[in-house]
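For what it's worth, full-length UniProt numbering labels the leading residue of the sequence shown as 1, then goes sequentially. Glycine residues also receive a C-beta, built at the ideal position from the N, C-alpha and C atoms.
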Amino acid sequence: MRGGDSFLPPRSVLTSALLAFCVVFFACFYLQHLMASMYLTVLVVAVLCYGVRRLSLPRVDDALAERVILGDASGAVPLFAHRGAGHDAPENTLAAFREAKRNNASGVEFDISFTHDNVAVLFHDDTVDRTTDGSGALAAMPFEEVRRLDASTNHPFAHKYRGEKVPTLDEGVGEALRLGLRLIFDVKEHDYRAVTVVDDLFRKHTELYERALVASFYPQFVYALRIRNPGIVTALTWRPGFVAYEDVERVRPRFKSPWAHWMALAGDWMLDSALHSWLPHVTGVSAVLICKNTLSSEYVDGWRRQGVHVIAWTPNHPAEKEYFAKVLRVPIITDTLR
């Protein structure tokens, strides 16, 4: 029996319940309603524990999750190519997948976006300016227009990959499977189109259940996908400051308004608290994808005690990769395999 199947909720859920108790109790206490605060907090704690237990989704089988995340039983730490290893070849392209295979990647990670006419493609940015010879918002372009773009234009090795196209999701998945690579789907936004498309792909290519992990910063997407298809191995992605800042270094705020920025900081605090307490239990994820700057032995051990795998993104320096592979022993998502 899993720990989550016992009568008591996980310790992290009880901690959240205790926090709720303290907030309500002292709020009522200061309002001089001591007895009411006691009754009310008992009710809040009971409802919270029951609600989390009822809403929580069971994880997929641990053995299946290990096969998807860790691969074979060789003991080697898996190395996933971030966007196909975008430093080595144009990111999120079939050429990048082939280059990753030549460089002995365990698998590829790629981003899912949608064109104006609802075609799922492998693309990271909101606009096409950075990686192609076009300009404008991807979501405003029909697929026919996106297909005419050269996805190699701004890459350092553009001369080797001239004319490389933005692939559809179906093309990317098919190529990765043909190459014998494992896959990490990165869903950028909570978009119900992605729930449908990913579910359909797994039902079309049933080998994905043994080869693919679906990850997202958005827990509502992960929850919706697992409600629809509970056999998919999933992960939550996280970095400090994700809600308030556009960049990992937390230099570029997402919002110009000081009030909006303050609210985003509060959102980051809540997301941080949820991720490290009840959120993995509710979504039933098997792994977390964590920014490399956050990882330590103690942090990784904390997740392992919960039965959750940790995957590091994105160490690129050889010394960094050696540390994560040999000391922390966690799978790595990297921009370069060289």
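One or two residues paired with A81 in a DSSP bridge: Answer is V108, T334, bridged to A81.
DSSP three-state assignment for I232, whether helix, strand or coil: Residue state, collapsed to three classes: coil.
Whether T283 touches P219 by CB criterion (8 Å): Cβ atoms of T283 and P219: closer than 8 Å.
Among L213, M270, G267, R338, nearest to A287 - alpha-carbon criterion: That would be L213, whose Cα lies nearest to the Cα of A287.
Buried versus exposed call for F164 [16 or more other C-beta atoms within 10 Å across all chains shown]: Residue 164 is actually Glu in this sequence, not Phe. Looking at its Cβ environment, which holds 16 or more other Cβ atoms inside 10 Å, E164 is buried.
Nearest neighbour of M141, chosen from F114, P167, M270, N154 [CA to CA]: The shortest Cα separation from M141 among F114, P167, M270, N154 belongs to F114.
The region 105-122 in contact with the region 78-86 per 3-pair CB rule at 8 Å: Judged by Cβ distances under 8 Å, the region 105-122 makes contact with the region 78-86, as three or more pairs qualify.
Stretch-stretch touch, CB-based, cutoff 8 Å, three pairs: the region 183-191 with the region 138-158: The answer is no - the region 138-158 does not touch the region 183-191, with fewer than three Cβ pairs under 8 Å.
Under the three-state DSSP convention, the category T153 falls into: In the three-state scheme derived from DSSP, where H, G and I count as helix and E and B as strand, T153 is classed as coil.
Same chain, Cβ closer than 7 Å to G71, five either side skipped, listed in chain order: Closer than 7 Å at Cβ, skipping near neighbours: P78, S106, R182.
Cβ-Cβ separation, F217 to F242 (assumed contact under 8 Å), whole Å: Indeed, because the Cβ distance is near 6 Å, the residues count as touching under 8 Å.
Spatially closest choice to A76 from A325, R338, D335, D88, by CA coordinates: Comparing Cα-Cα distances from A76 to each of A325, R338, D335, D88, the minimum goes to A325.
Residues that DSSP places opposite D186 in a beta bridge: Secondary-structure assignment with DSSP links D186 through a beta bridge to D111, A215.
Same chain only: Cβ atoms within 6 Å of D117, ignoring 5 sequence neighbours per side: Closer than 6 Å at Cβ, skipping near neighbours: P142, F143.
Inter-residue spacing [alpha-carbon to alpha-carbon] between V166 and G267: Roughly 34 Å between the two C-alpha positions.
Distance between D170 and K204 (C-alpha atoms, nearest Å): Their backbone Cα atoms lie some 10 Å apart in a straight line.
Three-state secondary structure (DSSP) of M35: Confidence at M35 is low in this model, with a pLDDT of 46, below 50, so the placement of that residue is unreliable and no value is reported for it.
Three-state secondary structure assigned by DSSP to A100: If DSSP states are grouped into helix, strand and coil, A100 belongs with the helices.
Boundaries (first-last residue) of the beta strand (DSSP E) holding V288: Under the DSSP assignment, V288 falls in the beta strand (DSSP E) whose first and last residues are 287-291.
Neighbour-count burial assignment, A176, 16 or more Cβ in a 10 Å radius: Of the other Cβ atoms in all chains shown, 16 or more fall within 10 Å of the Cβ of A176; this residue is therefore buried.
Whole-Å CB distance - L149 paired with T127, under 8 Å assumed: At roughly 12 Å, the Cβ-Cβ gap does not stay under 8 Å, so L149 and T127 are not in contact.
Three-state secondary structure (DSSP) of W262: Helix, per DSSP.
Endpoints, beta strand (DSSP E) assigned at H309: It spans 309-313 - the beta strand (DSSP E) in which H309 sits, taken as one unbroken run.
Selected residue, minimal CA-CA separation from R338, among R178, H317, I332: Ranked by Cα distance from R338, the options R178, H317, I332 are led by H317.
Nearest residue (CA-CA) to V119, options N154, G134, V198, R67: Comparing Cα positions, the closest option is V198.
Which listed residue (A100, R228, L236) has its alpha carbon closest to that of D272: Just measuring C-alpha positions, the residue of A100, R228, L236 sitting nearest D272 is L236.
CB of Y209 within 8 Å of CB of I184, strictly: Contact: no.
Beta-ladder partner(s) of P253, from DSSP: The partner list for P253 (beta bridge, DSSP) reads Y245.
Classification of I332 by the beta-carbon crowding that lies within 10 angstroms, buried from 16 upward: By the Cβ-count criterion, I332 is buried, with 16 or more other Cβ atoms from all chains shown falling within 10 Å of its own Cβ.
Every unbroken alpha helix (DSSP H) within the region 114-149, with a cutoff of 4 residues, ordered by chain: The qualifying runs are 143-147.
S56, buried or exposed, once every other Cβ within 10 Å from all chains shown has been counted against 16: Flag for S56 reads buried.
W238 - DSSP class collapsed to helix/strand/coil: Assignment of W238 by DSSP, reduced to helix, strand and coil, places it in the strand class.
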